[in-house]
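Numbering (UniProt numbering), first residue to last: 1 to 1138.
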Amino acid sequence: MNISDLLDLIEAHDYMADNQISAIRRQLASGSLDMTIEELVQFLLDKQRLTKYQAKKLLSEVKSGVKADSIGASSGRQTSGKWAGDDAAEDFGGGDLGGLDDFPTSGDAMGGDDPLGLGGSGFGTEEEEGDPLGGEEEETGKGKKKKKKKSGHTKKETRKNQWDSPLLLFGGGGLVLLVLVGGLLYFWLMFDSGDEMFQAAEQSYRSGSYVQAATEYEKFIERFPDHPNAPLAEVRYGMSSVWHAVEGGANWESALTTTQKVLPEIDTLPAFDEARPELASLLPEIAGGLAENAQLSSDLDKKKHLAELASASMELVNDPNYLPTSLREAQQSRIDSIEMNLIRVRRDIERDQARNETLAAIEKATAEGKFQEVYQLRRSLLNGYPGLRTDEALNKAVSTAATSLVDQVTPISDFPAPATDDPAMDSTFAQLTFVQHEPALPADPNSDVAVFRLDGTAYAVELNTGRLLWRRYVGVANDAQAITWTSNDGQSLAGLIDSTRNQFLAINKRTGKLVWRQDFGSELFRPQVLDGVIYLAELDGKVWKLSGDSGEVEAAVTLPQKVAAPVGMLSEVAGVYVVAEHSNVFALSTKDLKCVEVVPVGHEVGTITVAPTGTLRHLFLFENAGLEFSFVHLYSVGAGGGQAKLTQDTIRQPGRVVVNPSISDSRVVVTNDRGEVLIYEVNMATKDDPVRLVAATKSDSADPIIGYTGVDRGTLWVCGNRMTRYVMQLSRGSVVRKMVDHDGDTFVAPPMIVGDQIIHARRNSDALGFVVQSQRIAANKLTNIWETTIGTPTAGPAFKLEGAKSPLVVTSRGAVFDLPNVEPGSSQIVDKTQAKLDVTTQHYQFMGAAAVDPKNQVFYPPNDETRSLVVDTTNGKVTARLIAWEIPSTPRDCPPLLWNKHVLVPTKMGQILVVDPITGAADVQPYQPELAFGEQVEWAPPVAVGGGEPSVILSDRLNSLYRLGILDTPEPHLASLEQVKLGESMSGSMAVAGLMLVGVSSQGDHDVLRLFQLPEMAEQPSIEIKSDVIYPPKEAKGRVYCATAGEGLLAIQDDFTLAWSRPLEGRQVVSGPLPIGDKLAVSFAQGEVWLLNANSGEVVQTFDVGEPLVDGLSWSNDQLWAHGYDGTLHRIPVEDAK
């Protein structure tokens, strides 16, 4: 649509006079009318040639593309017939142009009185608007033509015949010419209006030709600054620059710079809304590109610069003027991802800055020879940034520092001399060790002997027969199994670490006699033996080379770091590998322990606990780097132990390695704490990654498992919470399970495979003590050869039965042994039982005992069992009988009590059941207190009350005391004789002495001893103490004794007063007081036994058996026996006991 069309519309609507329209057309034809349609309409509106209604209607039709020929002629025009082609239109005179006199002309100054500043030529003067054909030549009388002179006014001539004029010919030709020129002018105006130029730019923009689009928008804006689409073109022009900068993503920094420059220039334009949807994707794209580049950059300064740019870019993203909420929602996940990347980048920057600072500090510490400071610097850095653990620069710096440690390994010149005396065994104490041995095979002096370290005690077992040869306590602080070697004089020796004295003992395996010992200053690690030489490391960093024959020191060095694990050796390498507390492994020469190399492994404190191992000159180091995984560090080493080189990347494997792996030719068999087995193979022919995992098993247990392995000719034995036999099919990458035995038992030592026998040690799941067993290996089963049960605690003190030749001792498994008389200082193995239960299908665990009558002793079952053990001499010999109680299997958490020839069994349901100890019959009805539905009772252990009316007292640990007795009518039943409500609850155990009841209550940060008068249970003034009761009240010789953490051992008289107290200085009472004449015997967990004056509490004698004691003091045949934790009885050499 152009101005000519507009004029046609005006003419069709008859909005203006014809002569005015014609004048505008002439102005348009001459090219001097330089204005847009909108400007012309505004001009005519201002000159009151159009009304507002007419102007709006015209502009609406122009925008809609309405043509004049589609509009019917107005009624006035139809009447007058004056269209542009009528004859009357030939009058091109000025007509009535008074209203357009100030139509802009070319002579008008821009911005003058013309309100629109249009410029261009005005309408012609009167002369110029006269006859368009004026100025023709006239014919003179002489036949010559002369030019007619123009004057200021030409008079219009008239003719008789208006058709008789030559002007018609020229007029017609001129009309045709005008039509042609008008058509050309129309197309030129259409092309030059700017619409097509804008559309062309839009097409380039949409097609992604942003450089071309920018050029076209720029030309459009320059040529048509007032075009309606000019504001949009300016926005598109700016966005073309942004798009061009973003395209390809090669230079995000440039893209940000362009964006930061362009957006302020266009964000105030009316058409800026058109850019926001594009910015919603562009701005996050720029920020994401910068953040990603910052993340990928390895240069710290560049990373910081890019991070700052990314942050600046995010400011644009977060500006609601550029990215309003309505558009942000669709991009939120992308924005969140960018922000997370920026957080990582900032952390990386902080990490790299910290790393650079640490590297500088490490370099300084290395120059000063301070490796411990190097480690602390590295540790501090890794605490904040664990990912730097594998950082090449950091590891290189630590490695450089470690290399300097070679010169800090210093030799020891002052060697301690070995000793041959044995103070631990040369004592006045006698020992009795009770053993169950099946079958009773005769001794075989030619048999080899195996030494098992089980819970701090070493047991020597004859392999052919299973006989226990000797026992020795060596301390629970170390679980290192014995090493064995043969001396030059033919003795078969076992090496043991005594952790109680920090000694290394060389013991004759058969006799148990000490050959030599060496004393050290700190904790010892399990040694290695090579060609009769012992290599041993101490915690404090000392490494020793000892002669296996004499114990003399052949070489010793002190490392600049503490030691973390047992020493390791490879059979093909003359080197000893010592794992330092952290970071390093020291390679020492086997000849003189000279340091040949320091291997910088980079492990943390406490992460390597097993000895370095390996095969075919490949060193394996197992680092427990996490709670659920471990690393395998692999090095190839030279023949002298040094020249360690990483053969391949560190292997990450599941689980933690806590047991020394087994070596079988080129294979290393590893177990983890999940019960899985991993088999690695070393292939020397492979240059890249010579070590590979060839087979592995899967765990079937969620609980931690310690698994020991044994390998023999393609068969793998794994002993963890069961014993499993596998066949290794490594060519197929698998191990096939063939057999499972002893399911549920816990194995406590590596199995031994000797010929067709496998010897193993385990703990049963349902009984105390250990079972050492030998089984013959068949194709698909194991056949028992012998079984020895050792380390079983006693079930109570020694006791006498009428008709028995000697006092008796019963183990918790139900085996009955004689208690012989022994000489002071002697040790005896008692492996002949007087009676026992059949434990073929089930094991037992009895605890606590009481004498029913002179011929019967009852032993109580655990809380989840209802079968007791009765040892009797009714038939003239000692027998052990299992008595089934005729009561329901009701949950219990309180031990039974033998009272008035009945056994009381308190239950959580509140019932106090009564059974006959000899028959198990429930011939007395139980007592049931009143309880709410679902309520349970946590009974305190009941205590018996003597006197004329036998009764028993119980506490519900809340606010009630009950005194119960048996009533015979209407039928025998247990009934309440007295019940007392307490103001405060009774939380602990009780004891009765005469008519005094002593109980314990908790009161804030200390306990209170509460006293009651019997039989009415009237409470008396309590005894105030300032600490907690650590040993419950016990009755002895008419007094009640208990121990507190602060006051010590207390003696309470039956008149409710404190008789005396004896400080214990941190000792823990486990048994007693046991009356011996006018003295009291008390035993302590640490191994001490005291004899106290019963009247004053003064300590008369003290003894130390040198090993832990448990509940149990026995006085029999004028001999005092203290019960050891593994069932061993220690005779205490008391003097003047009566």
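C-beta: ideal position from N, C-alpha, C; glycine also. Source: prediction; values computed, not measured.
Closest Cα partner of Gln857 within the set Val937, Asn341, Pro416, Leu882: In the sequence shown, the residue the question calls residue 857 occupies position 857. Answer by Cα proximity: Leu882.
Contact set for Gly733: own chain, Cβ-Cβ below 7 Å, skip 5 residues either direction: Walking along the sequence shown from the start, residue 733 turns up at place 733. Hits under 7 Å: Val694, Ala695.
Where the beta strand (DSSP E) through Thr724 begins and ends: Translated into positions along the sequence shown, residue 724 becomes position 724. Segment 723-729, the beta strand (DSSP E) holding Thr724.
Lys698, buried or exposed, once every other Cβ within 10 Å from all chains shown has been counted against 16: Locating residue 698 in the sequence shown gives position 698, where the first residue counts as 1. So Lys698 ends up on the exposed side.
In DSSP terms, what Tyr1041 is bridged to: As a first step, residue 1041 is located in the sequence shown; it is residue number 1041 there, counting from the start. Within the DSSP bridge table, the entry for Tyr1041 names Lys1034, Ala1051 as partners.
Three-pair Cβ contact test at 8 Å for the region 397-407 versus the region 1078-1096: A contact between stretches requires three or more CB pairs, one per stretch, nearer than 8 Å, and the region 397-407 fails this requirement with the region 1078-1096.
beta-carbon Leu282 near the ligand SAH non-hydrogen atom, thresh 7 Å: Absence of the ligand SAH from the depicted structure is noted, as is the absence of any ligand whatsoever, leaving it without description.
Validate contact between the region 643-653 and the region 621-634 using beta carbons, cut 8 Å, 3 pairs: Three or more Cβ pairs drawn from the region 643-653 and the region 621-634 lie within less than 8 Å of each other, which places the two stretches in contact.
Test item: CB-CB of residue 1153 and Arg813 under 8 Å: Residue 1153 is absent from the structure shown; the chain starts at 1 and stops at 1138.
Through-space distance from Pro661 to Asn624, alpha-carbon basis: Locating residue 624 in the sequence shown gives position 624, where the first residue counts as 1. Locating residue 661 in the sequence shown gives position 661, where the first residue counts as 1. Cα to Cα, the separation comes out at about 14 Å.
Simplified DSSP state of Leu177, which is helix, strand or coil: Mapped onto the sequence shown, residue 177 falls at position 177. Helix, per DSSP.
Opposing strand residues paired with Tyr459 [DSSP bridges]: For the purposes of this step, residue 459 is taken as the residue at position 459 of the sequence shown. The partner list for Tyr459 (beta bridge, DSSP) reads Phe452, Arg471.
For Met16, three-class secondary structure by DSSP: Along the sequence shown, read from residue 1 onward, the residue named residue 16 stands at position 16. In the structure shown, Met16 sits in coil (DSSP, three-state: anything other than H, G, I, E or B).
Outcome for Asn2 when other beta-carbon atoms lying within 10 angstroms are tallied against a minimum of 16: Against the sequence shown, residue 2 aligns to sequence position 2. Under this definition Asn2 is a buried residue.
Length of the line joining the Cα atoms of Glu597 and Gly642: For the purposes of this step, residue 597 is identified with residue 597 of the sequence shown, where counting begins at 1. For the purposes of this step, residue 642 is identified with residue 642 of the sequence shown, where counting begins at 1. C-alpha separation (whole angstroms): 5 Å.
Where the alpha helix (DSSP H) containing Lys219 begins and where it ends: Sequence index remark: in the sequence shown, residue 219 carries index 219 (1-based). First-last of the alpha helix (DSSP H) with Lys219: 210-223.
Own chain partners of Ala275 with C-beta closer than 6 Å, once the 5 adjacent residues on each side are dropped: In the sequence shown, counting from the first residue as 1, residue 275 sits at position 275. In its chain, beyond the 5 residues on either side, Val235, Met239 have a beta carbon closer than 6 Å to the beta carbon of Ala275.
Residues near His902 by beta carbon distance below 8 Å, same chain, minus five either side: Position 902 of the sequence shown holds residue 902. Taking C-beta separations shorter than 8 Å and ignoring five residues to either side along the sequence, the partners of His902 in its chain run Val914, Val915, Asp916, Pro917, Val924, Ile966, following chain order.
For Gly1087, the nearest candidate out of Ile1052, Tyr1125, Ser1114 (CA to CA): Here residue 1087 refers to the residue found at position 1087 when the sequence shown is read from its first residue. It is Tyr1125.
Any beta strand (DSSP E) of 3 or more consecutive residues that is wholly inside the region 629-680: Whole beta strand (DSSP E) segments, 3+ residues: 629-636, 651-654, 662-664, 667-671.
Contact under 8 Å by Cβ, Val870 with Ala835: The count along the sequence shown starts at 1 and reaches residue 870 at position 870. The count along the sequence shown starts at 1 and reaches residue 835 at position 835. For Val870 and Ala835, no; Cβs fall outside 8 Å.
Residue range of the beta strand (DSSP E) that includes residue 1145: An answer regarding residue 1145 cannot be provided, because it is not within the stretch 1 to 1138 covered by the chain.
Given Leu621 as reference, the closest of Val998, Asp348, Val670, Gln528 once Cα atoms are compared: For the purposes of this step, residue 621 is identified with residue 621 of the sequence shown, where counting begins at 1. Of the candidates Val998, Asp348, Val670, Gln528, the residue whose Cα lies closest to the Cα of Leu621 is Val670.
C-alpha gap between Glu971 and Pro1021, whole angstroms: Locating residue 971 in the sequence shown gives position 971, counting from the first residue. Locating residue 1021 in the sequence shown gives position 1021, counting from the first residue. Going by the C-alpha atoms only, they are around 39 Å apart.
Option nearest Arg838 by Cα separation, candidates Ala815, Glu823, Phe846: The sequence position of residue 838 within the sequence shown is 838, counting from 1. What sits at residue 838 in the sequence shown is Asp, not Arg. Nearest to Asp838 by alpha-carbon distance, out of Ala815, Glu823, Phe846, is Ala815.
Top-ranked residue by Cα proximity to Leu342, from Ala310, Asp319, Arg351, Leu323: Looking up residue 342 in the sequence shown gives position 342. A check of alpha carbon separations from Leu342 across Ala310, Asp319, Arg351, Leu323 identifies Ala310 as the nearest.
Test item: CB-CB of Arg510 and Leu454 under 8 Å: Here residue 510 is taken as the residue at index 510 of the sequence shown, counted from 1. Here residue 454 is taken as the residue at index 454 of the sequence shown, counted from 1. Cβ atoms of Arg510 and Leu454: not closer than 8 Å.
Ser1083 and Leu1058 closer than 8 Å at C-beta: Taking the first residue of the sequence shown as position 1, residue 1083 is located at position 1083. Taking the first residue of the sequence shown as position 1, residue 1058 is located at position 1058. Taking 8 Å as the cut-off, the Cβ atoms of Ser1083 and Leu1058 do not count as close.
Contacts around Leu7, its chain only, beta-carbon distance under 7 Å, and the 5 residues preceding and following it disregarded: For the purposes of this step, residue 7 is taken as residue 7 along the sequence shown, with counting starting at 1. If the five residues before and after Leu7 are omitted, its C-beta is found closer than 7 Å to the C-beta atoms of Ile21, Ile24, Arg25, all from its own chain and listed in chain order.
Pick from Asp336, Thr51, Gly31, Met35 that is closest to Asp14, judged by C-alpha positions: For this step, residue 14 is matched to residue 14 along the sequence shown. The shortest Cα separation from Asp14 among Asp336, Thr51, Gly31, Met35 belongs to Thr51.
Ala850 versus Ala580 - alpha carbon distance: As a position in the sequence shown, residue 850 is number 850, starting the count at 1. As a position in the sequence shown, residue 580 is number 580, starting the count at 1. Approximately 55 Å, taken between the alpha carbons.
Contact the region 926-938 vs the region 857-868: 3+ CB pairs below 8 Å: The answer is no - the region 857-868 does not touch the region 926-938, with fewer than three Cβ pairs under 8 Å.
Counterpart residues of Arg49 in DSSP-defined beta bridges: Walking along the sequence shown from the start, residue 49 turns up at place 49. DSSP, once it has assigned bridges, lists no residue as partnering Arg49.
Three CB pairs or more closer than 8 Å across the region 513-520 and the region 455-469: The region 513-520 and the region 455-469 do not touch, with fewer than 3 CB-CB distances between them shorter than 8 Å.
Exposure of residue 1142, with buried meaning 16 or more beta-carbon neighbours within 10 Å: Limits of the chain in this structure are 1 at one end and 1138 at the other, which puts residue 1142 out of reach.
Euclidean distance between Cα positions of Ala1043 and Ala367: Residue numbering aside, residue 1043 sits at position 1043 when the sequence shown is read from its first letter. Residue numbering aside, residue 367 sits at position 367 when the sequence shown is read from its first letter. If I take the Cα positions, the gap works out to 59 Å.
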